[in-house]
Structure formats: C-alpha cells, structure tokens
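Please read the structure below before turning to the comments.
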C-alpha cells in the first residue's frame, strides 16, 4: 500500500469508529480516560526509553537546549499528562446535552442536541504532551481523532499512543477511534487535508507557517490560531498604578506565549506621566522597547518602531509602544494591526470600557486585567485544545464544547406538512 | 476604478460599518426594519416597473415560464416581502445575549456574549424576494452585508436595494451596512471570495454548481448547502398507515425543494405488505419509482435504480426505493449516500428510534414525521437564511442566531497572572 492508501484506510476506519462514539456513555468514556491516565504512569519507563531515541536524534541534528527541554519526557511530565487525562474525565460530557427544546403547535418536539463533530485531524509539531491531551479531549467529546505529529518526537508519540490505545480495547471501544500516523512527512499532511468526507475538521497546532500551509491546502474545514498580537490600551482615565502592574504582567510573566502583550497603546493625556515609569520597569526586566515618535520624545532610550513592528508577534522580551490621541485611535489601531486574539483597556470610565468591548473585534476583550488570562483553564473550561482566532464555530479557548456540533432530533406522531 | 477596486472599496466601507452595528440598539434596528417594510409597499409601483425590465430581458432570452414566474414581482409578493421584514423586526435581537457568565476564583468576571460575525457576502441567483430577506436578517443580527445577485433580476434587486437603503439614512445607520453589487458577472464573485480580512463569511444560495464554485475558490469561510438527499426508513415495527401518509407527504407535497424525500428505504420484513400500496399511492400521484432488485420483485412496474440514483437529488416526481435487511443497513445507506440534510425513521420501537437518531449523521433526524418540516419557520426560528449541510458553526436551518458569533468580555480589577 502507498502512503496515501494507508492514510485513506485509517481515515475510513476512523469514520466508522466515529459512528459508534456518539452512543458511548460518559461512564465508559471516563473509565477509559482514567485507565489511560493510570497506564501512562505505569508505563513511564518505556515512554522515557522511547523519548531517549528522539532526544538522541535531536542532539545529533544539533537542536538547541530549549527545544530539547520541550521534547524531553520525565516522570514528572508523565504524571502531569496523566493528571490532565483525569481532569478531562472529571469534566461534564458535552455530548447529548439539549441546547434547546421546543414543542411546536402541531405537536412536533424539536430538540437541538450537542453531538460530536466526527473525525478530527490534528496536525502538530514536537511536544509529546499534546498527544495525550488531544486524545483525551477528542475521546471525551465523542470524536475519532487522527494525529499527525512531527518527526522530532515520533518515537515518544508512538509509545504514548500505543499505551493509550490499549485502554480503548479494555473498554470495548473501537481502536480506530484514536490514530497516530507513523509517516511524519508533509505528504501525509497533504493527503489528510484532501480527505473531505472522511475527516470533518482539521486543527493545526504550531507555528504560523504550518498553520498557513494547512489553511491554504485544506479541502476540509480548519479551525486555527495564527498568532497573538495582543494590545493593552492605557486610557486617560486609567488607574495608572493598576495599568503599570497589568501591562508589566502581560509582557513579562511569560513573553513566549500567544496571550502575552506585544503592543502597548497609551493615551496622549497620560503618556508623559505613565510612560517614563512603565518603560523603566520594562527595561529593568530586560524588555527592548520600540516606540513611535511621540514615545521617543518622552523616553529617549527607546528604539524607533517600524511599520512592520505593529503587526509582529515577538514572542520575546520586545514591546512596541505607541501614543494615541484617544479611545477611537486605540480601537482603530487594534482592529487594523491586531490578530483578533486578546486585547485590554485600562480605564475607570465605564462608558469607554463598554465602547472598547463593543468595537474591538477580538476573541477576548478585557477591562482592567492582563491578557495573559486567555486560556481554557483560566476561563474555567478545564482542558483546552488551543485558542481560535477564527470567528466561525469556535472563538477563543477551544474546550470540549467547541469540539462538538449539534443536530436536530425531531419527534412526531405522523405529522405531515400542509 | 476597475471592478476589483470598486469591490474592494465597497468591502472596506462595509467593514467600517460593521464596527458600528454591534453597538446599535434593537430599538433602532427594529424601527429601521419597519420603515423598510413600509417603504417597499409604498414604492410597489416603481419596483414593479423595474421588474418589468428584467421580465422583458428574460423573455427575450427565451426563459421558461417557471423561471418567469419566480422572477415576477407583483403587489402581493411585495406585501409578502414587507411582512417578512416586519416579522424579523418582531424576533428577539441575538446581539448582546450572554451565553454564559462565570465569576472566577480570582474575581474575574468572564462573559461569553453573542456578537455579529462582521461582514457577510451573499452570492445568489435570481429571485428578488431573497434580497430583502437577506438585508433584513443581516441588519437585525448586526452584520454588514454585500449582496451579489444574478444578472437576471438585477433591475428589480437594485430598485429594492435603493428603497431599503433609504431607511438606513433615516435612522442614522451607516449606508455601507447594506450593499448590492451592480456588477453581476463571475469576476465580481471571484473578487469577493478573495477579500479575506474584509469579508468574514460567504453564503452561497443557489444550485449545486454555484455552491461548489464558491467553495472551491473562496479564501473566506463559507457556510453552504449542497443538496438535500433525504431518506425515510420504514422499519419492521412501523405503523404502516402512518408510514404511508408521511412518506407520501415527504415526496409529493412539494417535490422541488431540498427537504423532500428522494429515497425510501423499507425493512425486508414489511416490504411485501407495505410497498404495493405505497407504490400505488405514489404512482397515482405521478411519481416515477426506481427500485432495487428486491423492490422490483414486489412491484413489477418499477424501473431499475442505477447506482447513481442513490446519490441523486431529483427535485422532481421521481423516487428511488430500496429494501434493506434492517436498521443497520438503513443507517449505513443513509450515511453513505445521504447529504446530511434530513432523514426520518418510521417505527414504534423506541430503542430503534434512538439508535437511528444517534447514528444518522444529518442536520435533522426525524422519528415518525415528514422531512418536509426542516425549515426555519417550521422550527420556530422565524425567518431563515437557508439550511446548512455543513457541520461547523451552523447546521440545519440558519436563522438570526446562526448569523452571530461570540466574544469573551472579561471584567477585572487589576488581576494579573502568577
């Protein structure tokens, strides 16, 4: 069989499995998840052994230490993966939830009911923890899953996958509900993206270039997250000490993630008092500041921001800063250069806060809080599958409910249309 | 300006308008809708005059009478368009509805709030009534709209559009909230489909070839409806007189629509008693029956169904009929050949009904009722924008709520992440 034929076979079997999963009870799914969680811990040694192969290869290729660190499995990390599966088991089952129920005048009972999406393909790069999270979330939401992981962690991922799949057999669930492609090259991705009819949704997880490639080539619907260009706007009526604390947190607490601030916008009325202290704080923490002309008049040490800076996701200790003439200018800047992820206003003026909430076209819009809270766990959704910057189907943190769709179930007694 | 430049200009202005619409109150939107409704009636004469041009052109091109009938405007039809706008005004405003609200342990208040999608492009074929319906639904749901109508009704559509746009001015709403392209050729469609960033959603309405073209070319997300291959499965435990009535209704009441039955599946245990009477009823109503071998053994007058028949949407007085060995076979047939639109089981056995509901992967699944009820109005949703056979974002009848997305509004008092 060619690679293509193999992948089509896997997708067909996943589709068949996806017909069975909607009818599986929460109890059986939860038992399976807990069995998976226990198996990970029991098999920690063999997982770590498989991971050593990946680490050896990566070192041979000259990978940097940050990469090796993300790739490495140890007992603590395996325990965390295991806990995450147990947390998913503890979450309510979204499948079968009645969203709306109507009795029509003709007696028809119409129920809008949450159901799984079907078969979900996940295309991601190295990081073994993603494998068990995705398997857990898809199983709980009743979806069959096809994982296509990167080659860097393939030995670790295959080992995790094999351990988890055994729990499916134990609880008589179809094995084809969970799949991991052994083939890691781009051809496998191309093939998956063409399998409309077998695969219902593709979720790419990884760098922007991977996501753009998937979106461009896919014939299957994609939910994605390009990048997080998050803004904080400090209004003329802001509590400036609160602004200082929140902006510092949004930039410095973990600069390498998508919900960290990349651009600070400051109202011209407070720029003169606010920026000198704020910039000093940030520079002391090692942040490089790139400002527009008005910022540089206030703080001479600041580098000049280029046009490109406003649309750059640094994921690093770099921040672009701009003075705006008011709320309107801030909103315009955010809608123009932002990525629709997370943006905040710092103000004590309720009307301005409401205008900001209304007009900023982003998944998560904050008043007086750090953008760093955009996260499934912080939002109280339990686990998450990533954060969507799309507007359709799922927006912001994607959790179990976002991995479902709905169908209408209509109960009659022979009603006909006249 | 080239056509492309003109369309980009319209899309940019629509995007700007879409920033204002989320903040417009239900009261202002409803007043505008009622003003639109009244204006249509007041301007009936000039609308009918514009329509005469389209009718003249269509006749010159040799259009068939069914087409001319769909194209024609008269006072009664204008009154119906007007009533539909008033009905939309009477529906609850989906915008601003709080879907979920959580107070987190750290004091953050997180609200999941319904918001408009943004700019919606609608690509459709001739039928002037669609114009006012789409404008009304998009306005009420807070979306800016760009209509690209077919050339056959362009004079009628432009006249309707001009009348409706005046009401926007009257209530100080941005005119660019509602747009109709004067250019009707395919180039205009191609251009719209590439305007990612300005247009948030494309809804094609029309024949399968138009829909497939839009889907193939679009860089903007599309919600669509390919076709309705609807099934009725008559189980061995069906009430056969109920089955006879429901199946007859699903095929014959209006055969040219997407929720009409195209294939009848009958359990082998009742085929011998049920099919002779059912086929007689249908043939008496002028229905051509195409059956598989087992059907033809029971009813000799039946034509042979080809493989292609099982996936054909006849939209006509033609029906394919198959005998299946049981519930499993029926479900398999539907999931294989169906279009995920509307499918029904006729049975008195509750367990079988539940299995059918669970396993048939369609937008609307019926027990003991005609598939003809799949319709926004019949479902109690008021007006509708069409029926989605997609699984993401919107499935089944698309009404006001389906024209919205959500955002998270987060209210803090200086919370930072630790």
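Chains as they are written, first to last, in this note's numbering: chain A, 255 to 672; chain B, 255 to 672.
C-beta: ideal position from N, C-alpha, C; glycine also.
- Item | Spatially closest choice to residue 627 of chain A from A:505, A:498, A:564 and A:528, by CA coordinates | A:505
- Reduced DSSP category for residue 286 of chain B - H, G, I as helix; E, B as strand; rest coil: helix
- Task: Output the distance between the C-alpha atoms of residue 415 of chain B and residue 671 of chain B, rounded to the nearest integer angstrom.
- Result: 51 angstroms
- Neighbourhood of residue 559 of chain B by C-beta distance below 6 angstroms, restricted to the same chain and skipping five residues each side: 544, 545, 546 and 574
- Should residue 554 of chain B be labelled buried (16 or more other beta-carbon atoms within 10 Å of its own) or exposed? exposed
- Roughly how many angstroms lie between the CA atoms of residue 486 of chain A and residue 378 of chain A, to the nearest whole one? 30 angstroms
- What residues are listed by DSSP as bridge partners for residue 597 of chain A? A:485 and A:619
- Please name the residue, chosen from B:425, B:471 and B:301, that lies closest to residue 442 of chain B on a Cα-to-Cα basis. B:471
- Item | Contact set for residue 300 of chain A: own chain, Cβ-Cβ below 7 angstroms, skip 5 residues either direction | 413
- Query: What number of angstroms, rounded off, separates the C-alpha of residue 383 of chain A from the C-alpha of residue 493 of chain B?
  - Reply: 53 angstroms
- Task: Decide if the segment 351-362 of chain B is in contact with the segment 293-310 of chain B; the criterion is three or more beta carbon pairs, one per stretch, under 8 angstroms apart.
- Result: no
- Task: Using 10 angstroms around the beta-carbon of residue 631 of chain B, count the other beta-carbons present and answer buried if the total reaches 16, otherwise exposed.
- Result: exposed
- Message: Can you tell me whether residue 417 of chain A is helix, strand or coil according to DSSP?
- Response: helix
- Task: Could you name the residues of chain A that residue 660 of chain B contacts, counting a contact when the two beta carbons are closer than 7 angstroms?
- Result: 649
- Task: Note down, in chain order, every chain A residue with its Cβ under 8 angstroms from the Cβ of residue 507 of chain B.
- Result: 670, 671 and 672
- Message: By DSSP's criteria, residue 520 of chain B is part of a beta bridge. Which residues make up the other side?
- Response: B:488 and B:577
- Message: Suppose contacts are defined by Cβ-Cβ distances below 8 angstroms. Is residue 358 of chain A in contact with residue 660 of chain A by that definition?
- Response: no
- Taking the C-alpha atoms as reference points, what is the distance between residue 265 of chain A and residue 452 of chain A? 6 angstroms
- Query: Going along chain B in order, which residues have a C-beta closer than 9 angstroms to the C-beta of residue 613 of chain A?
  - Reply: 273, 274, 276 and 277
- Who are the Cβ neighbours of residue 689 of chain B in its own chain at under 6 angstroms, not counting the five residues just before and after it? Lying outside 255 to 672, the shown extent of chain B, residue 689 of chain B is not represented and no answer is given.
- Query: Are residue 593 of chain A and residue 483 of chain A close, meaning C-beta to C-beta below 8 angstroms?
  - Reply: yes
- Query: Is the segment 310-325 of chain A touching the segment 612-626 of chain A in the sense that three or more CB pairs, one from each, lie closer than 8 angstroms?
  - Reply: no
- Note down, in chain order, all residues in the segment 497-528 of chain A with a beta-carbon under 7 angstroms from any beta-carbon belonging to chain B. 499, 500, 503 and 507
- Message: Along the segment 461-476 of chain B, where does the CB come closer than 7 angstroms to a CB of chain A? Name the residues.
- Response: 475
- Going by DSSP, which residues form a beta bridge with residue 665 of chain B? A:621 and B:363
- Message: Since residue 596 of chain B and residue 513 of chain B should fall inside the 8 angstroms C-beta cutoff, what is the C-beta to C-beta distance between them, to a whole number of angstroms?
- Response: 5 angstroms
- Message: Please return the same chain residues whose Cβ sits closer than 6 angstroms to the Cβ of residue 376 of chain B, not counting the five positions on each side in sequence.
- Response: 388, 401 and 457
- Query: Along chain A, in chain order, which residues have C-beta atoms closer than 7 angstroms to that of residue 454 of chain B?
  - Reply: 645
- Message: Taking its Cβ as the centre, do 16 or more other Cβ atoms sit within 10 Å of residue 322 of chain B, making it buried, or is it exposed?
- Response: exposed
- Query: Between residue 373 of chain A and residue 308 of chain A, is the Cβ-Cβ spacing less than 8 angstroms?
  - Reply: no
- Query: Do the segment 638-657 of chain B and the segment 603-623 of chain B meet, that is, are 3 or more Cβ pairs less than 8 angstroms apart?
  - Reply: yes
- Query: Rounded C-beta distance between residue 280 of chain B and residue 347 of chain B? I'm assuming under 8 angstroms.
  - Reply: 4 angstroms
- Message: Taking the beta strand (DSSP E) that residue 432 of chain A belongs to, which residues open and close that run?
- Response: 432-434
- Query: Would you call the segment 573-588 of chain B and the segment 510-525 of chain B touching, i.e. three or more CB-CB distances under 8 angstroms?
  - Reply: yes
- Message: Residues in the same chain with beta-carbon distance under 7 angstroms from residue 447 of chain B, minus the five sequence neighbours each way, listed in chain order, please.
- Response: 456, 468, 471, 472, 473 and 474
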